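Worksheet: one structure, shown below.
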Amino acid sequence: MARPRFVIEASEAESMAKQSNLTVAQLLPSLVKSAQSLARVPISKFHVGAVGYGSSGRIFFGVNLEFPGLPLHYSVHAEQFLVTNLSIQSEPRLDYVAVSAAPCGHCRQFFQEIRRAQDINVLITSDESGNDKSCGQFSPLRHLLPHQFGPEDLLGEDVPLVLEKHNNALSLKKPETFGDDLTSHALEAANRSHAPYSRCPSGVAILDSEGNIYRGWYMESAAYNPSMGPVRAALVDFIVSGGGGYEQIVAAVLVEKEDALVKQEQTARLLLQTISPKVAPTAAIVWILRLIYAFPPVESDFACDAAIATASPGGGWSNLQDAPYLHR
């Protein structure tokens, strides 16, 4: 059985559009139902799909995610998933979006982290928006959020936004101690983090039972609440890359600054421990969450000491040398 696809390459997108005698942008609404079918919504059963067209010519899917046993604010909105998918795939620009329902205020705000977000063209395929003129035709995002608040109100023009290249120049204080691939991927993710408001970048790498590694980085919103945490971003990578049930996740590494005002540790532990229960004792792999504090270069405005701790499946803390950690 072929795995679900969340990215359609530019050549295939162009071919699909030509077969239907459409432009690629005009093709997007016909793909929304396919995106909706990929949503993971065990709580609401309300499937939302978002299909985006990037400047590279590729098509990207976004879906909503819900996590039983956790507060609703842990959910991932389809538009958040879409933007995260774009970021993971290094797509520099989002030009068109077709969505199954009118984006909520949360998502309209999250879109603002994209440069020139007001010019993103949005089409709502449902008729639930009443007299909204964005329904059934593409309309600039500025029509959905006419009085926007975003990066331009808080940041200089030279600060990279969410789909632009980042390098936070974080490094590990004792890199020789953490030489495994999972840590390296988590550090790389932290260095791609978009955290210009709190200046607290972070990244997560998760490992599945087949040895595959997935990454996610923290992405902030100027309005704070719509920000996308690194674990949820890594779960987007997991799903986009063909991951199945969350119980396949067997290990994770979080990298963040020790003196960060915005910390991801407790949220990361709660989310991962809830969706990925302890592996059976007969298995060779024991799930843990390892937290590594990173520090930026000396010339940076940041300064912090390095520390490390591990969380066992039972929730207790232990020394690194005693942790049942899988090296790949």
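Residue numbers (the working numbering): 1 to 328.
For glycine and all other residues, C-beta sits at the position ideal for the given N, C-alpha and C.
Every value quoted in this text rests on a predicted model; they were computed, and no experiment measured them.
Boundaries of the alpha helix (DSSP H) around Ser87: Ala78 to Ile88.
If you draw a straight line from the Cα of Val48 to the Cα of Ile239, it comes to about 15 Å. A direct Cα-to-Cα measurement between Thr183 and Tyr293 gives close to 11 Å.
With a threshold of 16 other beta carbon atoms within 10 Å, Gly203 meets it and is buried. Counting every other CB atom within 10 Å of its CB across the protein chains shown gives Phe111 a total of 16 or more, marking it as buried. If the five residues before and after Asn167 are omitted, its C-beta is found closer than 7 Å to the C-beta atoms of Asn191, all from its own chain and listed in chain order.
Distances from the CA of Glu79 to each of Leu154, Leu65, Trp217 and Val250 were compared; the closest alpha carbon is that of Leu65. By alpha-carbon distance to Gln118, the top candidate from Leu141, Leu86, Lys45 and Ser100 is Leu141.
Take the alpha-carbon of Val236 and the one of Lys165: they are about 19 Å apart. The secondary-structure analysis by DSSP pairs Lys18 with nothing; it has no beta-bridge partner. Its Cα nearest to that of Gln273, the residue Tyr246 stands out among Tyr246, Phe138, Cys200 and Ala102. Annotated three-state conformation of His194 is strand, per DSSP. For Lys257, the uninterrupted beta strand (DSSP E) run begins and ends at Ile249 to Lys257, by DSSP. In summary, Phe295 is buried, with 16 or more beta-carbon neighbours lying within 10 Å of its beta-carbon over all protein chains present. Here the alpha carbon of Ile88 sits roughly 10 Å from the alpha carbon of Leu82. Straight-line measurement puts the Cα of Pro151 at about 18 Å from the Cα of Leu144. Around the beta-carbon of Lys257, 16 or more other beta-carbon atoms lie within 10 Å, marking it buried. The beta carbon of Asn121 lies closer than 8 Å to those of Ala25, Asp95, Tyr96, Val97, Phe138, Ser139, Pro140 and Leu141 in the same chain, with the five residues before and after it left out. Bridge pairing for Tyr293: Glu256 [DSSP].
In the three-state DSSP reduction, Tyr214 falls in the strand class (E or B). In the structure shown, the three-state DSSP call for Arg142 is helix. DSSP places Phe238 outside any beta strand (DSSP E); the residue lies instead in the alpha helix (DSSP H), whose first and last residues are Pro230 to Val240. Under DSSP, Asp208 takes part in a beta bridge, and its partners are Ile249. Between Met219 and Val262, the C-beta gap is not smaller than 8 Å, which leaves the two residues out of contact.
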